[in-house]
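FYI, our numbering numbers position 447 of the sequence shown as 869, with every residue one higher than the one before it.
Even for Gly, the Cβ is constructed at its ideal location relative to N, Cα and C.
First comes the structure, then the notes that go with it.
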Amino acid sequence: MYIDHPASFTDYYELTMAQGYFKSGVHHRTASFDYFFRKVPFNGGYVVFAGLKELIDTIQHLKYSEGEIDYLIREGFSEDFISYLRTFQFKGTIYSVREGEIVFPNEPVLRVEGNLLETQLIETLLLNILNFQSLIATKASRIKYAAGDECTVLDFGLRRAQGLAGIHATRAAIIGGLDGTSNVYSAQRFSIPAGGTMAHSWIQTFEDELTAFRTYAEIYPDSTHLLVDTYNTLGSGVPNAITVARELRAKGHELKGIRLDSGDLAYLSKQARGILDEAGFANVKIAASNQLDERVITSLKIQQAPIDIYGVGTRLVTGDETPALDGVYKLGSISGKPTLKISENIEKITLPGNKKIFRYFNEDGTFYGDAILLKDETDIERFHHPTFPAKQSPVKDQRHEKILTKVIDKGNQTFEIPLVKEISEYKKQRFKLLQDEYKRFDNPHIYKVGISTRLLKTRDNLMNKLKM
């Protein structure tokens, strides 16, 4: 799924700079930009990279329509620049980590190469797509980790999402590890499992709760989940659900589950479980919703709440706690020469040149650390902490892999993006290779990300020249 009219899906200054490059005759100069983020959201230890398919699809359709051309004419852009845009197509090359990959701060997880104008023009849409989907995929991963593989976790967030962001939020949530969604639009678009049952309005529509339950069960005898907290969860909701469960069983069907949407979820789920089990319905699942996130679910698990299904909404799709991933897009080279951005804060000084990432592994197959190298480097013996280079990590003869892949070559897609469910499975397998100390919610261990000796020297030499 790509963004309609992607050429205008940008910030105004991208266009003023593009025209400036064109008018000054530098637009054909080669350039490379890096996408990376500086801080892990939610005070966590990792990020799940997501959004690559939407980015590639959108870039493939990046052309200026007549409506967009007319708008730019009215805005006063020059005739010769407008003429250039009429036939504009992205002809650059993009390297990226795979969707679902586990990534870390300050490493260039995507690199764009091409002429200066085209690489600049895609900045805003790239940041918009990758920052949001990676944020939500990471939040979803944390929520699923809290719930555990034994529980089903569903996305209920569309009604609380910020407008159309709910579409991509669902996609990212599945990549992050969730099991399904209530969002029909995204389920259809991205081949995601969808489901849902009833709201309180269904119960209120009928003369009494039992009639509401019976009516629903008659219509959906093989997929009945009953919302039991409309009036009195333990006083009427669960007992009425058991009545319907007995009636279904007498007809050869089984009640699938009940849902709790308010109150003390730990207490109510324990009480409901006991009542259901005593009545002979140990097979009935208990679902819970209402302002859930990874910390609430962790608390419920600690209290041994017998909840089988979690429906998460607001705090998932809004990226609660960290509403935005601070991904940035910075120039790494111009006309084949490395360049960097200087800052008084050394942590904000960018890394120069065209770069790649090696991921190193421990003997047990888990992730050890990532090294950022210049593009033409091969094996290295060690990598350095980017801020405190005296801190080194030896990696000579240690098993490693390249995690950047060419996905667009001179404007043509070269890498087939898997289906969402396949990306989710890849994320699951990679997540297993991340040690538990990086997954904890409080004070997670900091993953090693360093730079090669050559990259360190290149950066320091450029810094010294620019400060003269």
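Practice problem: Tell me A709's beta-bridge partners as DSSP assigns them. | Solution: What you label residue 709 is simply residue 287 of the sequence shown in a count that begins at 1. A709 pairs with R681, I731.
Quiz item: In the DSSP assignment, what residue or residues form a beta bridge with T509?
Solution: Locating residue 509 in the sequence shown gives position 87, counting from the first residue. DSSP output for T509 lists no bridge partner at all.
Quiz item: Can you list the alpha helix (DSSP H) stretches of 4 or more residues lying completely in the region 524 to 597, in chain order?
Solution: 538 to 543, 545 to 569
Practice problem: Return helix, strand or coil for A453, following the three-state DSSP convention. | Solution: As a first step, residue 453 must be located in the sequence shown, where it is residue number 31. Note: A453 maps to strand in three-state DSSP.
Quiz item: How big is the Cα-Cα spacing for G741 and L648?
Solution: Along the sequence shown, one-based indexing puts residue 741 at 319. Along the sequence shown, one-based indexing puts residue 648 at 226. Cα to Cα, G741 sits roughly 29 Å from L648.
Self-check item: Contacting residues, own chain, Cβ-Cβ under 7 Å from V470 (five flanking each side not counted)
Solution: Within the sequence shown, numbered from 1, the residue matching residue 470 stands at position 48. Hits under 7 Å: G522, I524, S556, A559, T560, S563, I597, G598, K849.
Exercise. For I779, name the three-state secondary structure that DSSP assigns.
Key: What you label residue 779 is simply residue 357 of the sequence shown in a count that begins at 1. In this structure, I779 counts as strand in the three-state DSSP scheme.
Practice problem: Assign E497 to buried or exposed, taking buried as 16 or more other Cβ atoms, counted over all protein chains shown, within 10 Å of its Cβ. | Solution: Position 75 of the sequence shown, counted from the first residue, corresponds to residue 497. E497 comes out exposed.
Exercise. Would you identify the three-state DSSP class for R496, choosing helix, strand or coil?
Key: Taking the sequence shown and counting its residues from 1, the one referred to as residue 496 is at position 74. The answer is helix: DSSP assigns R496 an H, G or I state.
Quiz item: Is the beta carbon of A440 sitting closer than 8 Å to the one on Q542?
Solution: As a working mapping, residue 440 is identified with position 18 in the sequence shown. As a working mapping, residue 542 is identified with position 120 in the sequence shown. Yes, Cβ-Cβ distance for A440 and Q542 is below 8 Å.
Quiz item: Do you know offhand how far P808's Cα is from E529's?
Solution: The count along the sequence shown starts at 1 and reaches residue 808 at position 386. The count along the sequence shown starts at 1 and reaches residue 529 at position 107. So the two alpha carbons sit approximately 11 Å from each other.
Exercise. Flag this pair as yes or no: are the beta carbons of G514 and E540 separated by less than 8 Å?
Key: Translated into the one-based positions of the sequence shown, residue 514 becomes position 92. Translated into the one-based positions of the sequence shown, residue 540 becomes position 118. Their beta carbons are under 8 Å apart, which means G514 touches E540 by this criterion.
Exercise. Measure the C-alpha to C-alpha separation of F512 and N784 and round it to an integer number of angstroms.
Key: Working through the sequence shown from its first residue, we reach residue 512 at position 90. Working through the sequence shown from its first residue, we reach residue 784 at position 362. C-alpha separation (whole angstroms): 40 Å.
Quiz item: Is the region 627 to 636 touching the region 579 to 596 in the sense that three or more CB pairs, one from each, lie closer than 8 Å?
Solution: no
Quiz item: Going by C-alpha distance, which of T800, D798, I794, E799 is nearest F806?
Solution: What you label residue 806 is simply residue 384 of the sequence shown in a count that begins at 1. The sequence shown places His at residue 806, rather than the Phe named in the question. It is I794.
Quiz item: What three-state label does DSSP hand T646 in the structure shown?
Solution: Here residue 646 refers to the residue found at position 224 when the sequence shown is read from its first residue. In the structure shown, T646 sits in coil (DSSP, three-state: anything other than H, G, I, E or B).
Quiz item: Within the chosen definition, does the region 460 to 477 reach the region 755 to 767 through at least 3 CB pairs nearer than 8 Å?
Solution: no
Quiz item: Does the count of Cβ pairs from the region 723 to 739 and the region 682 to 699 closer than 8 Å reach three?
Solution: yes
Practice problem: Tell whether a beta-carbon distance below 8 Å holds between P527 and V739. | Solution: Walking along the sequence shown from the start, residue 527 turns up at place 105. Walking along the sequence shown from the start, residue 739 turns up at place 317. No, the pair does not count as a contact, with Cβ atoms beyond the cut-off.
Exercise. Starting from G442, follow the beta strand (DSSP E) in both directions and report where the run begins and ends.
Key: Taking the sequence shown and counting its residues from 1, one reaches residue 442 at position 20. Looking at the DSSP string, G442 is not in any beta strand (DSSP E); the run it does join, the alpha helix (DSSP H), is 434 to 446.
Quiz item: Alpha carbon to alpha carbon, how far is L773 from K824?
Solution: Taking the first residue of the sequence shown as position 1, residue 773 is located at position 351. Taking the first residue of the sequence shown as position 1, residue 824 is located at position 402. Whole-angstrom Cα-Cα distance: 18 Å.
Quiz prompt | the region 432 to 448 in contact with the region 712 to 728 per 3-pair CB rule at 8 Å | solution = no
Quiz prompt | Of the residues S874, Y782, L552, L484, the one placed nearest F810, counting alpha carbons only | solution = Residue numbering aside, residue 810 sits at position 388 when the sequence shown is read from its first letter. If we check each option's Cα against that of F810, S874 comes out closest.
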